[in-house]
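Engineer: A single structure is presented below for examination.
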């Protein structure tokens, strides 16, 4: 069990922007672990996209997953999306995000968000991803979400190597100041 304080770093971005790939690479670089996107796990298990009533199950599952991984992480835990992203998708598909989920997003807000730019090719993933156009719309809405909540974001763009280098620099800076 890790008795030291663990810093959570969230990878935020629209679908097909490289969050999962970067989370795994960062975890390897920092010799730690990462939390998969809970919504993806939920959809894979359910075999269908969530409906409006599923948001509370998804939010609780996300919070529980992150909490369960904290003790195993070494200094930093990388998290593939968070509840701010859940809220944004709730608004896209169902018109609003429940206030309880908004409060939970603020309660579990990370000190650093690696904000993934949609500058890499969109890859279809049936049952998980909508379209390249939807990715751009989601990106704009996530940018607004980050601004509304004054999230500490660092833009991540470029090739896979450039993304990793930028992310490592941002995480190192965050860890040394925190």
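In this note's numbering, the protein residues as written are -3 to 174.
Every residue gets a Cβ at the ideal spot worked out from N, C-alpha and C, and that includes glycine.
The structure presented is a predicted model; accordingly, all values stated were derived computationally and were not measured.
1) For residue 25, which residues from the same chain have a beta carbon less than 8 Å from its beta carbon, with the 5 sequence-adjacent residues on both sides left out?
2) Please identify the residue among 173, 3 and 76 whose C-alpha is closest to the C-alpha of residue 12.
3) Can you tell me the Cβ-Cβ gap for residue 31 and residue 62, rounded? I've got them flagged as a contact below 8 Å.
4) Can you give me the start and stop residues for the beta strand (DSSP E) that residue 243 sits inside?
5) Can you give, in chain order, each stretch of the alpha helix (DSSP H) that sits fully within the stretch 113 to 146 and has at least 4 residues?
6) Going by DSSP, what residues sit across from residue 81 in a beta bridge?
7) Can you tell me which of the three DSSP states residue -3 falls into?
8) In chain order, what are the residue ranges of uninterrupted beta strand (DSSP E) at least 3 long that sit wholly in the stretch 87 to 115?
9) My output table needs one value for residue 46: the three-state DSSP class, helix, strand or coil.
10) Select from 150, 156, 80 and 154 the residue whose C-alpha is nearest the C-alpha of residue 167.
11) Buried or exposed, going by whether 16 or more other CB atoms sit within 10 Å of the CB of residue 47?
12) Look at the Cβ atom of residue 8, then the Cβ atom of residue 103, and state whether they are nearer than 8 Å.
13) Determine the direct distance from the alpha carbon of residue 73 to that of residue 140, and round the result to whole angstroms.
14) Can the beta-carbon of residue 153 be found closer than 8 Å to that of residue 92?
15) Does the beta-carbon distance from residue 82 to residue 37 come in below 8 Å?
16) Leaving out five residues before and five after residue 100 in sequence, what residues of the same chain have Cβ atoms less than 8 Å from its Cβ?
17) Tell me which same chain residues have a C-beta within less than 6 Å of the C-beta of residue -3, skipping the five on either side of it?
18) Buried or exposed: which applies to residue 85, given that a residue is buried once 16 or more other Cβ atoms fall within 10 Å of its Cβ?
19) Is it buried or exposed for residue 155, if we count other Cβ within 10 angstroms and need 16 for buried?
Structural biologist: So, from the data block:
1) Taking the first residue of the chain shown as position 1, residue 25 is located at position 29. Contacts found: 160 and 164.
2) Within the chain shown, numbered from 1, the residue matching residue 12 stands at position 16. Closest option to residue 12, Cα to Cα, is 76.
3) In the chain shown, residue 31 corresponds to position 35, counting from 1. In the chain shown, residue 62 corresponds to position 66, counting from 1. About 5 Å separates the two Cβ atoms, so the contact holds.
4) In the structure as shown, the chain begins at -3 and stops at 174. Residue 243 is therefore absent and cannot be evaluated.
5) 128 to 144
6) Here the question's residue 81 lines up with position 85 in the chain shown. Note: residue 81 sits in no beta bridge, so no partner.
7) Translated into the one-based positions of the chain shown, residue -3 becomes position 1. The pLDDT assigned to residue -3 is 47, lower than 50, so where the model puts this residue is not dependable; a value taken from the coordinates is nonetheless given after this. The answer is coil: DSSP assigns residue -3 none of H, G, I, E or B.
8) 108 to 112
9) For this step, residue 46 is matched to residue 50 along the chain shown. Residue 46: coil per DSSP, three-state reduction.
10) Taking the first residue of the chain shown as position 1, residue 167 is located at position 171. Nearest C-alpha to residue 167: 150.
11) In the chain shown, residue 47 corresponds to position 51, counting from 1. Exposed, because fewer than 16 other Cβ atoms sit within 10 Å of the Cβ of residue 47.
12) Against the chain shown, residue 8 aligns to sequence position 12. Against the chain shown, residue 103 aligns to sequence position 107. Taking 8 Å as the Cβ cut-off, residue 8 and residue 103 do not qualify as a contacting pair.
13) Walking along the chain shown from the start, residue 140 turns up at place 144. Walking along the chain shown from the start, residue 73 turns up at place 77. Spanning the two alpha carbons is a distance of roughly 25 Å.
14) Position 157 of the chain shown, counted from the first residue, corresponds to residue 153. Position 96 of the chain shown, counted from the first residue, corresponds to residue 92. Result no, Cβ atoms of residue 153 and residue 92 do not sit closer than 8 Å.
15) Looking up residue 82 in the chain shown gives position 86. Looking up residue 37 in the chain shown gives position 41. No, they are not a contact pair.
16) The residue you call residue 100 lines up with position 104 of the chain shown. Cβ within range, chain order: 55, 59 and 79.
17) Residue -3 sits at position 1 when you count from the first residue of the chain shown. Any reading at residue -3 needs caution, since the residue's pLDDT is 47, under 50, leaving its predicted position unreliable; the model's value is listed next. Within the same chain, 67 come within 6 Å of residue -3 by CB-CB distance, once the 5 residues on both sides are set aside.
18) Indexing the chain shown from 1 puts residue 85 at position 89. Residue 85 is buried by the Cβ-count criterion.
19) Numbered from 1 along the chain shown, position 159 holds the residue referred to as residue 155. That one is exposed.
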